[in-house]
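These notes concern the structure reproduced below.
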Amino acid sequence: MTIDEMLEAARSSYRRLTVFELEAAVARGAIVVDIRPQAQRQREGTLPGALAIERNVLEWRLDPTSDARLAAAVDHDVEWIVVCSEGYTSSLAAAALQELGLHRATDLVGGYQAMRSAGLLGVLMRARHVVREGEAVVAH
């Protein structure tokens with residue numbers, strides 16, 4: 001199997017989102033995960049409102065049965081949207097999450113670069129988990 005075939009197989013296992021579907025997904029409670037390495041986030045820019053979880057620990061952080069899970073990984077029904085730079089690595093990551101039983105996991109076509117090109121980098125700041133955390137900080 002080639003990497004192109006692996007990528008095609010991964011993408012055939014779930015429905016990917018476009019940048020124009022992202023705002024509605026976030027409004028319904030989807031959580032965006034930026035899997036770009038720290039050096040790449042520094043070089044390209046951060047994604048405000050996304051959880052930054054590098055690819056090498058992604059499954060452990062999102063699997064609700066893992067001792068290393070995030071608090072947001074409450075069950076297998078969480079809608080995770082994985083974002084990388086251009087939408088390649090995120091496809092393989094989303095397929096791996098699907099294999100773990102995270103049946104609502106997906107990725108973003110074109111990744112961070114597509115969001116930047118569409119002028120949508122700020123759309124995640126309206127996410128419920130971001131607003132809730134922001135309100136908690138302001139209240140203290």
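Going by UniProt numbering, the sequence shown runs without a break in its numbering and finishes at 140.
C-beta atoms are modelled at their ideal positions from N, C-alpha and C, and glycine is treated no differently.
None of these values were measured; they are calculated from a predicted model.
Length at least 4, wholly inside the stretch 21-84: the alpha helix (DSSP H) runs in chain order = Correct list: 38-44 and 58-62.
Note down the Cα distance separating Ile53 from Trp60, rounded to an integer number of angstroms.
-> Approximately 10 Å, taken between the alpha carbons.
Is the beta carbon of Arg116 sitting closer than 8 Å to the one on Glu79?
-> 8 Å or more divides the Cβ of Arg116 from the Cβ of Glu79.
Simplified DSSP assignment, three categories, for Leu17 = It is a strand residue.
Assuming residue 147 and Val33 form a contact by the criterion Cβ under 8 Å, report the distance between their Cβ atoms to the nearest whole angstrom.
-> Residue 147 is absent from the structure shown; the chain starts at 1 and stops at 140.
Who are the near neighbours of Ser13 in its chain, counting only those whose CB is closer than 6 Å to its CB and skipping five residues on each side?
-> Cβ within range, chain order: Ala95 and Gln98.
Of the listed residues Arg126, Arg16, Ile3 and Val83, nearest to Gln40 (C-alpha basis) = Of the candidates Arg126, Arg16, Ile3 and Val83, the one whose C-alpha sits nearest the C-alpha of Gln40 is Val83.
Own chain, CB closer than 6 Å to Arg11, minus 5 neighbours either side, in chain order | For Arg11, where only same-chain residues beyond five positions count, the Cβ hits under 6 Å are Ser91.
Looking at the unbroken alpha helix (DSSP H) that takes in Thr2, where does it start and where does it end?
-> Counting along the chain, Thr2 sits inside no alpha helix (DSSP H), nor does DSSP assign it H or E at all.
Around the Cβ of Val19, are there at least 16 other Cβ atoms within 10 angstroms (buried) or fewer (exposed)?
-> That one is buried.
Same chain, Cβ closer than 6 Å to Leu70, neighbours up to 5 away in sequence not counted | The residues are Arg61.
How would you write the range of the alpha helix (DSSP H) that Leu92 sits in, first residue to last?
-> Thr89 to Glu99 is the extent of the alpha helix (DSSP H) around Leu92.
Extent of the continuous alpha helix (DSSP H) run through Ser117 = For Ser117, the uninterrupted alpha helix (DSSP H) segment begins and ends at Gly111 to Ser117.
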